[in-house]
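Residue numbers (the working numbering), protein chains in the order written: chain A, -10 to 358; chain B, -10 to 358. Here is the structure we will look at.
There are 2 protein chains.
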Amino acid sequence: MPLVKKYLFPAPVLLDYMTRVLAAAGVSLEDAAIAADVLLSADMRGVASHGIIRLFPYYSRRLRDGLINPRPQPVVLNETPSSLALDGDNGLGHPTGYRAMKRCIAKAGESGAAVVTVRGSNHYGIAGYYAMQALPHDMIGLSFTNASSLVAPTYGRTPILGTNPIAVAAPAGAERPYVLDMATSIVPIGKVTVYERAGLEIPYGWGVDSQGRVTTDPREVFYGGALLPLGGTAEMRGYKGYGLALLVEILAGVLAGSAFGRTVDPDAHTKVSNIGHCFAAIRVDAFRPLDDFKGDMDAMIRELKDAPKATGQERIYIPGEKEFEKTERSLSEGVPILAEVVNHLVRDGEEAGVPFDLEPVGVKEEVEV
Amino acid sequence: MPLVKKYLFPAPVLLDYMTRVLAAAGVSLEDAAIAADVLLSADMRGVASHGIIRLFPYYSRRLRDGLINPRPQPVVLNETPSSLALDGDNGLGHPTGYRAMKRCIAKAGESGAAVVTVRGSNHYGIAGYYAMQALPHDMIGLSFTNASSLVAPTYGRTPILGTNPIAVAAPAGAERPYVLDMATSIVPIGKVTVYERAGLEIPYGWGVDSQGRVTTDPREVFYGGALLPLGGTAEMRGYKGYGLALLVEILAGVLAGSAFGRTVDPDAHTKVSNIGHCFAAIRVDAFRPLDDFKGDMDAMIRELKDAPKATGQERIYIPGEKEFEKTERSLSEGVPILAEVVNHLVRDGEEAGVPFDLEPVGVKEEVEV
């Protein structure tokens, strides 16, 4: 994989810039700041595909084109002591998701566990952000969203399901929390792009061509093909990944009453997306004393990390661990943004009247993803 | 894969036999009948690895050896309107799980959504059985359990996590319900045994040898090696499967306060297992009108089934669909039990004083699994 140039920017400066761009597109300062924080969090955690790269194409431009409502008035559709169904009124997914999860946590605080759905929303960035909101409340948080069709069901050949992520966060004691944030496809489509640009073949099983045959040519996945769900081929039990992708579609799409399947975001440039989300929160001390839980989480984490390593490997990671380390590095040395993305930001910022005139604090060369 | 002989038995006859065996081991008739129904359900659904094959080694023998409590008195540890933590008092996992899910459904009926954990339990058979209990109540049901260590974490080489299943059932309208019931490993260990007996290599990625290297030799997985989580290698994103296996360990092990990691059932022949479960139920009409949900479930299912097929494929399946068809076949032609398993039942039944003198209604030759 070839090296690419990345500029390093201080986190607060990026946060401020993104907030200004969204506010300039009509969003309230409060909502803009929440959305900017979710996007920044992605870049800091090393999930650049979901960060500032999306600021203009996914959000600013859709706001300006009238496809996202800059001043939504979310509506309660149904409510019980441990459930809540919301309509996001076509607002940005990030503030909508953030507030939905906040209400989910409040409900779990009262009743022990709660589930909240949202329909009429938009791309909300990294699913893990919302799951992690539960951590300071000593709860387990879950977050699901559906997304544009990119993944073929097992034995199919056309993309029907989204990369539909599952995110779960659980607190620990002395150890860092467990934070799983995974697409239910093997890789996101952006990873296939990276291989294409590098002139490399993709590993066998990541995707299929237009006839549903596994292909190692990234272009065949793009043009008429599809991504495969986690697992890949049927022999490797890709139908489990397909089952999980469909589970997310049921929770975030069908249960929420939003779009589902191929009707999700069929054409990002001309239609309202009606994406759906689902959140859940589980209050740990409704089940057992918090200190006992945290002590056992630490013991479980240490058992895994201290276990014998495979030949050639030096570490066993806990889900979320790499992302915590990247966040710390982003805070100390600056948040890495691809030089190519910076070029786009300069062009798009000028067009939107919010020039990207930020000064990098450093530069480095790294493998792209 | 070579053909193997299977005898066909009427379902009620198998149910009666298993109930008698468990009752003879000291279990109440009511509990014995529940456990027998879960085991029978596995054989009927085509999950023979979790069916009658386990009757003696997993249950009857452990009951007789004093490792499972035949007359448990489950205890409520903590309770809120939408949560419940139980101690199963070391009873059979099936009646314990069945009743825990029943209470979970009752709680979700009152409050909209509920989560129930169980510690101090035993192997509960197929996870999907409990998730499916939610279906007649028009709820989405979820069921998780931890299990003996068989799966290595990504970059590890020793088994630490169980094959920790995730099961979810969601009702539909005219279509059959969605029923996902998946181990978070690629395959169960029994599948590796089948390949070993057939003298075949296992596909690359299913398991590792004692040094953590991927191996295609089933014996190397058994003797000092481990299964790999869904996805397989890191390149194929096996760390997502590992993350899911750990999620189940957190919900069913750490949150429940049961054993977790390598302490789960370290030696089935001499120790109490202290397995844990976690159940959840979500009342659909707490979120949106039931008919709307079911209509959209049907539409989603049809969209998938009607989608273009990959070259050489004729059907796209919905999770659970194959198992419903196998259940129907089991009801019409008899439940298939491996001839080899029948031999074991005859031997073990005699030893236990409950002779396996059932008359098969047919015989057939099939691929083993």
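The beta-carbon is built from N, C-alpha and C at its ideal position, and this holds for glycine as well. Keep in mind it's a predicted model, so treat the numbers as computed, not measured.
C-beta neighbour in chain B for residue i, strict 8 Å
{"i": "M171/A", "result": "yes"}
{"i": "N67/A", "result": "yes"}
{"i": "R34/A", "result": "no"}
{"i": "Q122/A", "result": "no"}
{"i": "F360/A", "result": "Nothing about residue 360/A can be read from this structure; chain A reaches only from -10 to 358."}
{"i": "Y144/A", "result": "yes"}
{"i": "E310/A", "result": "no"}
{"i": "K229/A", "result": "yes"}
{"i": "G323/A", "result": "no"}
{"i": "P70/A", "result": "yes"}
{"i": "F249/A", "result": "yes"}
{"i": "V356/A", "result": "no"}
{"i": "V140/A", "result": "no"}
{"i": "G194/A", "result": "yes"}
{"i": "G55/A", "result": "no"}
{"i": "T316/A", "result": "no"}
{"i": "L279/A", "result": "no"}
{"i": "T300/A", "result": "yes"}
{"i": "I264/A", "result": "no"}
Beta-carbon proximity list for residue i, same chain, < 8 Å, skipping 5 on both sides
{"i": "A341/B", "result": "V10, A13, A14, F45, S49, R53"}
{"i": "E354/B", "result": "L(-8), V(-7), K(-6), K(-5)"}
{"i": "M225/A", "result": "G194"}
{"i": "T259/A", "result": "L56"}
Beta carbon proximity, residue i to chain A, threshold 8 Å
{"i": "F313/B", "result": "no"}
{"i": "F(-2)/B", "result": "no"}
{"i": "M(-10)/B", "result": "no"}
{"i": "L235/B", "result": "yes"}
{"i": "E238/B", "result": "yes"}
{"i": "F282/B", "result": "yes"}
{"i": "R304/B", "result": "yes"}
{"i": "L189/B", "result": "no"}
{"i": "R202/B", "result": "yes"}
{"i": "L244/B", "result": "yes"}
Paired residues, beta bridge with residue i - DSSP
{"i": "M171/B", "result": "I155/B"}
{"i": "G196/B", "result": "T204/B, L216/B"}
{"i": "P160/A", "result": "Answer is none; P160/A lacks a bridge partner."}
{"i": "P325/A", "result": "L(-3)/A"}
{"i": "D287/A", "result": "Beta-bridge pairing links D287/A to no other residue."}
{"i": "M128/B", "result": "R272/B"}
{"i": "V352/B", "result": "Y(-4)/B"}
{"i": "L75/A", "result": "V65/A, V107/A"}
{"i": "R298/A", "result": "Per the sequence shown, the amino acid found at residue 298/A is Lys instead of Arg. Answer is G145/B, bridged to K298/A."}
{"i": "I264/A", "result": "S110/A"}
{"i": "T134/A", "result": "H266/A"}
{"i": "L150/B", "result": "V140/B"}
{"i": "A102/A", "result": "I271/A"}
Same chain, Cβ closer than 7 Å to residue i, five either side skipped, listed in chain order
{"i": "M121/A", "result": "G130, A158, V168"}
{"i": "S30/A", "result": "I115, Y118"}
{"i": "A123/A", "result": "I94, I129, G130, A158, A270"}
{"i": "P(-1)/A", "result": "G323, V350"}
{"i": "T147/A", "result": "A141, A215"}
Other residues of its chain near residue i: CB distance less than 6 Å, five sequence neighbours each side excluded
{"i": "Y87/A", "result": "I23"}
{"i": "A275/B", "result": "G101"}
{"i": "P70/A", "result": "S100"}
{"i": "S319/A", "result": "M33"}
{"i": "S72/B", "result": "V104"}
{"i": "L18/A", "result": "A12"}
{"i": "V331/A", "result": "Y(-4)"}
Q: Check whether the stretch 155 to 168 of chain A touches the stretch 278 to 298 of chain A, counting contact only when three or more Cβ pairs, one atom from each stretch, lie closer than 8 Å.
A: yes
query: Can you find at least 3 beta carbon pairs, one from the stretch 101 to 109 of chain A and one from the stretch 239 to 247 of chain A, that sit closer than 8 Å?
result: yes
| said: Pairs of beta-carbons, one from the stretch 141 to 155 of chain B and one from the stretch 167 to 179 of chain B, closer than 8 Å: are there three or more? | reply: yes
* To do: For the stretch 185 to 197 of chain B and the stretch 213 to 222 of chain B, state whether three or more C-beta atom pairs, one from each stretch, are separated by less than 8 Å.
  => yes
- request: Would you list, in chain order, the members of the stretch 147 to 171 of chain A that have their beta-carbon closer than 7 Å to a beta-carbon of chain B?
  value: T147, I149, V157, A159, Y167, L169, M171
Does the pairing of the stretch 89 to 98 of chain B with the stretch 134 to 143 of chain B give three or more beta-carbon distances under 8 Å? no
Margin query: For the stretch 224 to 238 of chain A against the stretch 254 to 272 of chain B, do three or more pairs of beta-carbon atoms, one drawn from each stretch, fall closer than 8 Å, so that the two count as touching?
Written below: no
Looking at chain A, which residues of the stretch 284 to 298 of chain B have a Cβ within less than 8 Å of any of its Cβ atoms? D285, M286, A288, M289, E292, L293, A296, P297, K298
Review point. When you check each C-beta in the stretch 99 to 113 of chain B against every C-beta of chain A, which residues fall closer than 7 Å?
Key: S100, G101, A102, A103, V104, T106
Counting Cβ pairs, one atom from each stretch, are 3 or more of them under 8 Å apart for the stretch 201 to 208 of chain A and the stretch 178 to 190 of chain A? yes
Next item on the list: May I ask you to list, following chain order, the residues of the stretch 208 to 229 of chain B that have a beta carbon less than 8 Å from some beta carbon of chain A?
Entry: L219, G220, G221, E224, M225, R226, Y228, K229
Checklist entry - Using a beta-carbon distance cut-off of less than 8 Å, what residues from the stretch 10 to 25 of chain B approach chain A? => result none
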